[in-house]
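Engineer: One structure follows; several queries about it will come next.
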């Protein structure tokens with residue numbers, strides 16, 4: 104989906120910090136001027152694409168979504184530790200735009216290094232997706248969609264809040280993991296380029312061939328013109344190097360948290376970031392399309 108700065112557009116707008124700051128302070132007028140149509144369009148499309156949601160009114164879901172965005176919530180235990188580490192109040196309750204801005208502050212140092220920075224629309228679409236999945240679950244249990252037009256209907260709203268909290272926490276967890284892995288890959292590539300042995304100089308390339316190109320050890324061995332057993336050893340060394348960099352970078356406890364995030368539906372981050380690094384230039388693409396090693400590279404010094 105494209106982005107737009109036109110307030111009359113049905114496309115999601117580019118992230119505007121000033122608008123989110125107003126919404127974080129419970130001034131929502133400008134927020135809904137630019138987000139109303141895109142959110143309603145996204146809800147309508149999702150409902151049309153799922154026969155099980157037949158009969159659900161998009162405006163009703165939008166109203167539920169609006170109230171959930173406004174209601175204050177807290178971060179998960181793991182994200183509260185990130186807040187504490189960054190020097191922010193960890194137990195403060197905030198609405199969704201405020202928590203998004205807080206996440207930007209947590210990752211601000213990394214953002215300045217030019218690493219990927221997720222858009223607010225990504226978070227909105229994640230929340231909408233989780234809400235509709237939860238709606239399907241509730242309809243399957245013959246629980247009617249509650250009318251949440253009245254903001255005092257706390258009981259009905261509380262059923263939705265865990266869905267929002269899950270979306271926010273998953274968004275922040277994934278974005279944090281993305282930054283950590285991207286930073287570690289930059290370090291791994293730099294170390295590979297400075298390595299004194301040919302085997303270690305291959306480490307970053309081997310991870311790319313393994314995780315992005317989907318090559319088996321035998322295929323990589325053929326690609327690199329090296330014995331398969333050597334490739335198996337060097338791929339294991341490359342993974343160990345990346346793990347060591349992450350531990351140096353994050354500490355043991357945070358590295359374990361990172362592994363938990365990757366295990367919970369984010370295993371695509373490593374191949375995605377490797378691809379972004381190696382496929383961004385024509386020079387890199389040419390490198391990977393040709394044989395990776397010369398005959399002199401067959402020696403593992």
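Residue numbers (the numbering used here): 104 to 404. Backbone N, C-alpha and C fix where the C-beta goes; we use that ideal spot for every residue, glycine too.
So the candidates are 200, 378, 158; which of them puts its Cα closest to the Cα of residue 317?
Structural biologist: Among 200, 378, 158, the Cα nearest to that of residue 317 is on 378.
Engineer: For residue 124, I'd like the list of residues in its chain whose CB is within less than 7 Å of its CB, leaving aside the five on either flank, ordered along the chain.
Structural biologist: Around residue 124: 204.
Engineer: By Cβ distance below 6 Å, which residues in the same chain neighbour residue 126 in space, the five residues on each side in sequence not counted?
Structural biologist: Counting only Cβ-Cβ distances below 6 Å, and skipping sequence neighbours, we find 134, 200.
Engineer: For the alpha helix (DSSP H) containing residue 354, name the first residue and the last one.
Structural biologist: Taken as a continuous stretch (DSSP letters only), residue 354 belongs to no alpha helix (DSSP H), as it is neither H nor E.
Engineer: Nearest CA to the CA of residue 53: which residue from 312, 161, 129, 362?
Structural biologist: Within the shown structure, residues of the chain are numbered from 104 to 404, placing residue 53 beyond reach of any answer.
Engineer: Quick check: residue 329 and residue 320, are their CB atoms within less than 7 Å of each other?
Structural biologist: No.
Engineer: Along the chain, which unbroken stretches of the alpha helix (DSSP H) at least 4 residues long are found entirely within the segment 122–156?
Structural biologist: You should have 132–152.
Engineer: Distance check for residue 144 and residue 169, CA to CA, integer angstroms please.
Structural biologist: C-alpha separation (whole angstroms): 14 Å.
Engineer: Pull the bridge partners of residue 302 from the DSSP assignment, please.
Structural biologist: None; residue 302 has no bridge partner.
Engineer: Let's see if you can read the secondary structure: which residues bound the alpha helix (DSSP H) around residue 378?
Structural biologist: First-last of the alpha helix (DSSP H) with residue 378: 372–381.
Engineer: So is residue 307 buried or exposed if we call it buried at 16+ other beta carbons inside 10 Å?
Structural biologist: Buried, because 16 or more other Cβ atoms sit within 10 Å of the Cβ of residue 307.
Engineer: Below 8 Å on the Cβ atoms is my contact criterion, and I expect residue 312 with residue 326 to pass it. Report the Cβ-Cβ distance as a whole number of Å.
Structural biologist: With a Cβ gap of about 7 Å, residue 312 and residue 326 count as contacting.
Engineer: Name the DSSP beta bridge partners of residue 176, please?
Structural biologist: 197.
Engineer: Alpha carbons only, please: which of 163, 283, 315 is nearest the one belonging to residue 354?
Structural biologist: Cα-wise, what sits closest to residue 354 is 283.
Engineer: Which first and last residues belong to the alpha helix (DSSP H) in which residue 323 is found?
Structural biologist: Looking at the DSSP string, the run of the alpha helix (DSSP H) that includes residue 323 is 320–327.
Engineer: Cutting at 8 Å between CB atoms, please list the residues of its own chain near residue 290, excluding the five before and the five after it.
Structural biologist: Taken in chain order, the residues that qualify are 348, 352.
Engineer: Find out if the Cβ-Cβ distance for the pair residue 165, residue 150 is shorter than 7 Å.
Structural biologist: No, the Cβ-Cβ distance between residue 165 and residue 150 is not below 7 Å.
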